[in-house]
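Comments concern the structure below.
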Amino acid sequence: MPAIYLKELRAHLTQKKPGNGDRAQGMGRTALSAGLVALDMALMHEKAMATLASSFDFATTLGDSLARAGFFFTQALIPHEAAQRATRETNRLLTQRNETLRVHTAALAKANRKIASEVARRETAEAASRDARAQHKAHVIESRAMQGKLRQLTREIISAQEEERKQISRELHDEVVQTLVGINVQLAALSRDASGGVRSLKAKIAHTQRLVEHSVDAVHRFARELRPSVLDDLGLIPALLAHSKLVTARKRLKIRLTAFAGVERLSNARRTVLFRVVQEALTNVIRHARATRVEIVISEIPDAVRLEIVDNGRAVRTRTVRSRGSKRLGLIGMRERIEMVDGVLVVESVPGTGTTVRAEIPFRSSDE
Ligand SMILES: Nc1ncnc2c1ncn2[C@@H]1O[C@H](COP(=O)(O)OP(=O)(O)OP(=O)(O)O)[C@@H](O)[C@H]1O
Ligand SMILES: [Mg+2]
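Going letter by letter, the sequence shown gives residues 249 to 616 in this note's numbering.
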């Protein structure tokens with residue numbers, strides 16, 4: 249390479265015209281592609297100048313040879329300079345791109361971190377909601393089971409109550425009433441035997457007799473209300489008529505009963521249910537309705553019996569029914585009894601019109 253440089257430089261210095269530097273630049277390009285750097289060029293130029301110093305008098309005669317050699321050198325360096333500028337530009341662009349890339353990478357990393365934390369948050373939330381759903385389901389199942397148990401218990405209580413009432417009623421009749429009748433017979437005998445002089449004794453006895461008679465009546469009524477034998481002996485309609493008569497006698501309330509005879513085809517248990525519903529509904533009318541009239545209607549509907557107790561009272565006030573903590577069992581008991589025989593019970597109440605308790609029970613349950 250130094251030889252070519254020397255040759256080219258010599259040719260440049262010896263030519264007549266000053267030259268435009270094309271050859272020098274061609275020389276520079278060759279050197280550049282051979283891998284020489286600017287410093288190599290400078291050394292090469294210095295060496296060539298030293299060699300040429302013997303042929304050219306750079307100091308005096310050929311003063312402009314020095315300038316021309318300088319021109320040649322700078323021209324030869326142009327490709328290096330251009331290459332360096334391109335490299336610098338490329339470097340600058342590269343640095344710029346790297347910076348952009350760095351910014352993008354940082355943004356991407358940040359976004360990734362955000363996504364990761366969002367995924368984690370969602371997973372936690374989902375797990376929590378899964379837990380909550382499972383817990384809710386468990387509670388629903390538990391509450392259903394408890395409801396079932398409660399209903400079963402209520403039904404058992406009602407059945408037991410009915411059985412107990414039957415027994416008490418029988419005992420009242422067989423034991424208490426018979427004893428009282430016995431006492432009365434004895435008192436009558438005593439009254440007959442007493443001498444005419446003992447008036448005060450007679451009066452006492454008469455008084456006692458009245459008391460006993462009163463007791464007999466009371467016990468009879470008590471027994472009828474607990475479990476009207478007439479319900480078992482004569483049927484639902486006579487039992488309801490007797491009960492209505494009893495209520496009317498004690499309260500200022502007109503009761504009208506309309507029923508179809510076929511209701512007596514119902515089983516004993518079902519007739520008892522209807523009787524208890526009427527009994528409780530009438531008790532409610534007396535206690536809460538301030539009504540003057542009550543209609544009891546028993547009618548036949550397809551495969552079932554409908555019972556309605558309609559009063560003209562002041563209607564149910566929802567606030568009192570809904571009040572918490574109150575131990576109102578009348579309506580609950582009615583509903584339970586009706587549902588025990590696969591029936592339905594509704595209470596309709598309109599202020600200014602009154603209250604209707606409506607029950608419908610099938611003649612037979614599906615499992616009978
Ligand atoms: N015919 C009616 N007219 C107006 N209000 C009524 C009537 N029947 C029921 N109610 C209202 O509904 C409420 C609930 O009646 P329910 O028979 O369940 O309870 P209760 O009669 O108060 O108590 P109990 O458990 O002794 O029967 C009553 O307290 C009353 O306010
Ligand atoms: Mg009641």
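Cβ coordinates follow ideal geometry from the N, Cα and C atoms, glycine included.
Could you pull out every residue in the same chain whose Cβ sits closer than 6 Å to the Cβ of residue i, ignoring the five residues on either side in sequence?
{"i": "Gly573", "result": "Unreliable placement is indicated for Gly573, whose pLDDT of 47 sits below 50; no coordinate value is reported for it."}
{"i": "Leu530", "result": "Val495"}
{"i": "Leu479", "result": "Ala487 and Phe523"}
{"i": "Arg213", "result": "Nothing can be reported for residue 213: it is not among the residues displayed for the chain, which extend from 249 to 616."}
{"i": "Gly198", "result": "An answer regarding residue 198 cannot be provided, because it is not within the stretch 249 to 616 covered by the chain."}
{"i": "Ser597", "result": "Ala563, Val564 and Thr603"}
{"i": "Gly483", "result": "Glu512"}
{"i": "Arg498", "result": "none"}
{"i": "Ala517", "result": "none"}
Could you give the DSSP three-state label for residue i: helix, strand or coil?
{"i": "Asp559", "result": "strand"}
{"i": "Gly483", "result": "coil"}
{"i": "Ser269", "result": "It is worth fixing the name first, because residue 269 is Gly in this sequence and not Ser. Coil, per DSSP."}
{"i": "Ser547", "result": "strand"}
{"i": "Leu577", "result": "coil"}
{"i": "Val589", "result": "coil"}
{"i": "Arg513", "result": "helix"}
{"i": "Ile399", "result": "Per the sequence shown, the amino acid found at residue 399 is Arg instead of Ile. Reduced to three states, the DSSP call for Arg399 is helix."}
{"i": "Gly283", "result": "coil"}
{"i": "Pro327", "result": "helix"}
{"i": "Ala466", "result": "helix"}
{"i": "Thr540", "result": "coil"}
{"i": "Arg565", "result": "coil"}
{"i": "Ala355", "result": "helix"}
{"i": "Ala490", "result": "helix"}
{"i": "Ala382", "result": "helix"}
{"i": "Val301", "result": "Note that residue 301 corresponds to Ala in the displayed sequence, not to Val. Here Ala301 sits in coil by DSSP."}
{"i": "Val495", "result": "helix"}
{"i": "Val446", "result": "coil"}
{"i": "Arg572", "result": "Residue confidence for Arg572 is low, a pLDDT of 44 falling below 50, so the modelled location carries little weight; the figure read from the coordinates is stated next. Three-state DSSP puts Arg572 in coil, outside helix and strand."}
Considering just the uninterrupted stretch of the alpha helix (DSSP H) at residue i, what are its terminal residues?
{"i": "Thr262", "result": "Pro250 to Thr262"}
{"i": "Val598", "result": "Premise fails: Val598 lies in the beta strand (DSSP E), Val592 to Val598, not in any alpha helix (DSSP H)."}
{"i": "Arg475", "result": "First-last for Arg475: undefined, no H or E at that position."}
{"i": "Ala436", "result": "Gln426 to Asp441"}
From which residue to which residue does the beta strand (DSSP E) around residue i run?
{"i": "Ala505", "result": "Correcting the residue identity first, residue 505 is Leu in this sequence and not Ala. From DSSP, the beta strand (DSSP E) with Leu505 extends over Lys502 to Ala507."}
{"i": "Thr642", "result": "Beyond the ends of the chain as shown, which are 249 and 616, falls residue 642; an answer cannot be given."}
Spatial neighbours of residue i within its chain, please: CB distance less than 7 Å, with the 5 preceding and 5 following residues excluded, ordered by chain position.
{"i": "Arg475", "result": "Arg413, Lys414 and Ser417"}
{"i": "Phe321", "result": "His293"}
{"i": "Ile326", "result": "Gln273 and Gly276"}
{"i": "Gly333", "result": "Correcting the residue identity first, residue 333 is Arg in this sequence and not Gly. Closer than 7 Å at Cβ, skipping near neighbours: no residue."}
{"i": "Asn532", "result": "Gly578"}
{"i": "Leu254", "result": "Ala296 and Thr299"}
{"i": "Asn560", "result": "Ala539, Thr540, Arg541 and Gly602"}
{"i": "Glu548", "result": "Phe508 and Gly510"}
What residues in its chain sit with their C-beta under 8 Å from that of residue i, if we drop five residues either side in the sequence?
{"i": "Ser477", "result": "Ser417, His421 and Ala471"}
{"i": "Val526", "result": "Leu488, His491, Ile544, Leu555 and Ile557"}
{"i": "Asp590", "result": "Ile609, Pro610, Ser613 and Ser614"}
{"i": "Arg392", "result": "none"}
{"i": "Asp379", "result": "none"}
{"i": "Leu303", "result": "Checking the displayed sequence, the identity of residue 303 turns out to be Ser instead of Leu. Arg258, listed in sequence order."}
{"i": "Ala552", "result": "Gly591, Glu608, Ile609, Pro610 and Phe611"}
{"i": "Leu428", "result": "Val460, Ser463, Val464 and Val467"}
{"i": "Ser439", "result": "Lys450, Ile453, Ala454 and Gln457"}
{"i": "Ala509", "result": "Ile485"}
Should the segment 579 to 588 be regarded as contacting the segment 499 to 512, the criterion being three or more beta carbon pairs within less than 8 Å?
-> No, the segment 579 to 588 is not in contact with the segment 499 to 512.
Is the segment 442 to 462 in contact with the segment 418 to 434, if contact means three or more CB pairs nearer than 8 Å?
-> yes
Spell out a yes or no on whether the segment 342 to 356 and the segment 291 to 306 are touching, meaning 3 or more CB-CB pairs, one atom from each, closer than 8 Å.
-> no
Which residues, in chain order, sit with a beta-carbon under 5 Å away from any heavy atom of ligand 2?
-> Asn532 and Gly578
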